[in-house]
Each structure stands twice: as structure tokens, then as C-alpha cells.
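Okay, so here's the structure we're looking at.
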DNA sequence: ACCCAGGGTCATA
DNA sequence: TATGACCATGGG
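Numbering (the numbering used here), first residue to last: 36 to 260.
Spelled out as C-alpha cells, the structure:
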């Protein structure tokens with residue numbers, strides 16, 4: 036698999052089928068830009084329903100802003116975000132991110148930064164990895180950066196379009212080459228991938244009524260899971 | 001009871 | 001570069 040995610044037409048075809056099957060996803064589900072920052076950390080290896088509970092608690096405590104969270108007692112923050120899991124770790128990560136926002140001068144200042152520099156600085160924050168950084172860059176700042184997650188690897192390796200264990204940036208740039216710098220498509224595509232993974236690919240045998248059946252070696256009986 | 005969720009860090013080889 | 005332990009709640 037020297038050149039993953041090729042030909043580009045195939046990558047676009049997957050998008051078309053997912054979009055036809057599920058419609059627009061409207062990602063990221065958030066009221067404000069700062070909520071995307073917080074949600075991106077809280078959703079790390081956690082169900083989104085649990086993240087909503089945590090966001091509700093922060094809202095109810097009037098603590099949904101960077102300065103407040105940065106200055107909060109860690110144990111109190113942990114108690115507020117408890118339902119999203121890993122609450123001690125995530126409290127620390129959230130404070131690191133909020134400290135970064137405050138020191139930068141606020142989200143409006145960050146919004147003027149160049150995409151690559153912004154991405155690099157977010158990655159340098161404790162607890163912010165590739166996916167979390169790119170969630171923020173794509174959904175909060177509307178920059179053309181494609182988000183790779185475990186579902187993306189699973190679905191596209193199953194389709195035979197990548198090995199699945201490539202380095203993050205190799206896959207990310209593969210999608211960006213195939214699709215061009217298209218922010219609305221990137222935003223929808225990632226949401227569709229997550230939705231599809233939950234809607235279809237987890238129930239086995241998955242391929243009988245899967246919208247990607249005709250593109251899938253497994254769905255056409257060419258190999259076995 | 002078991003499995004996993006819209007990951008990331010850290011230690012180790 | 002690449003594994004593995006660890007973190008923790010709630011829903012199926």
C-alpha cells in the first residue's frame with residue numbers, strides 16, 4: 036500500500052455514498068467555538084452522550100470559558116466533567132488547553148494564525164494529540180484539515196484503500212490530496228464516517244445492507260473478516 | 001457480565 | 001518505529 040487512498044475518485048465515491056445514505060451530519064454539534072475546544076478533549080475515547088452531561092454541568096456552573104476553567108480547582112473541574120470519564124486526566128488536559136487559549140489572548144486571536152502554525156502549537160499542548168488538534172482546527176477554525184480517527188482507519192482498510200496502520204499525517208494528507216481543500220466536505224465526511232461506523236459497520240455481518248457494499252471486498256465475498 | 005466509546009501519554013525495546 | 005499499561009464513566 037505505497038500510495039493509500041487512491042484513486043481520488045474512489046475517495047469521493049465513498050463520500051457520495053455515505054452522504055446519500057445518511058444525509059448531512061451538521062458536525063460539530065456545539066453552540067460556541069469554545070465548546071468545540073472543550074468537547075474535543077472530553078470526547079477522547081468517550082461516548083458523546085457522556086460528553087453532553089459534562090458540558091451541561093460546565094454550563095450550569097457558568098464555567099464554559101477558558102479563563103474560568105484555567106483558574107478552577109482541579110478537583111472541582113474533575114467533579115464537573117466526571118461523566119465523560121478519565122476525569123482526572125481530562126481536567127488536567129482541559130486546563131492545559133485553556134491556559135494555552137488565555138496566554139494566546141483568546142480564541143479570536145488564535146483565529147488569525149496560519150493553519151500549520153496553529154496546528155503545531157495545539158499539538159504541543161499537553162493532552163492534545165493529532166485528532167483533537169485537527170477537530171479544533173477543522174471545526175472551530177474552518178481550516179481544510181482532514182480528521183483521521185480509528186473509524187477512518189477501520190473503514191478504509193476494510194475497503195482495501197489503505198493498510199490502516201499508516202502514520203496519522205500520511206492518511207490525513209491522502210484524504211486532503213484526494214478531496215482538495217474543501218472545508219464543508221471535510222466537516223461532513225468525518226461526521227459521516229463516525230455515523231456510518233456506528234450505524235452499519237459494527238453489526239456483523241455488516242455488508243448485507245451497507246451503503247458501501249459495492250465498493251467493499253468483504254461485501255462482495257472476496258475475502259473473509 | 002462483558003464490551004466499547006468521536007485518544008493521548010508515558011515507559012519500554 | 002512500535003507495542004503495551006494506564007486512565008474511568010455510562011449505555012448496549
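Note that beta-carbon positions come from the ideal geometry of N, C-alpha and C, so glycine has one too.
Separation of residue 147 and residue 41 (C-alpha to C-alpha, rounded to the nearest whole angstrom) is 34 Å. Residue 169 has its alpha-carbon roughly 19 Å from the corresponding atom of residue 134. Counting along the chain, residue 110 sits inside the alpha helix (DSSP H) bounded by residues 109-115. Using a C-beta cut-off of 8 Å, the region 137-155 makes no contact with the region 45-52, since fewer than three inter-stretch Cβ pairs fall below that distance. The beta carbon of residue 203 is closer than 7 Å to those of 165 and 183 in its chain, skipping five residues each way along the sequence. At a Cβ-Cβ threshold of 8 Å, residue 132 and residue 72 count as neighbours. The distance from the Cβ of residue 75 to that of residue 187 is about 16 Å, inconsistent with a contact at the 8 Å cut-off.
Of the candidates 108, 79 and 66, 66 places its Cα closest to the Cα of residue 91. For the 8 Å CB-CB criterion, residue 141 and residue 81 do not form a contact. For residue 133, the enclosing alpha helix (DSSP H) stretches over residues 122-139. DSSP places residue 60 outside both helix and strand once states are collapsed to three, so it counts as coil. Counting only unbroken stretches of 4 or more residues, the alpha helix (DSSP H) elements lying wholly within the region 156-212 are 165-170 and 185-193, in sequence order. Sequence-distant Cβ neighbours of residue 201 in its own chain, meaning closer than 7 Å and more than five residues away, are 39. Taking the Cα positions, residue 139 is about 10 Å away from residue 156. Classified as buried, residue 128 has 16 or more neighbouring CB atoms from the shown chains inside 10 Å of its CB.
Here residue 80 carries a coil assignment [DSSP, helix/strand/coil].
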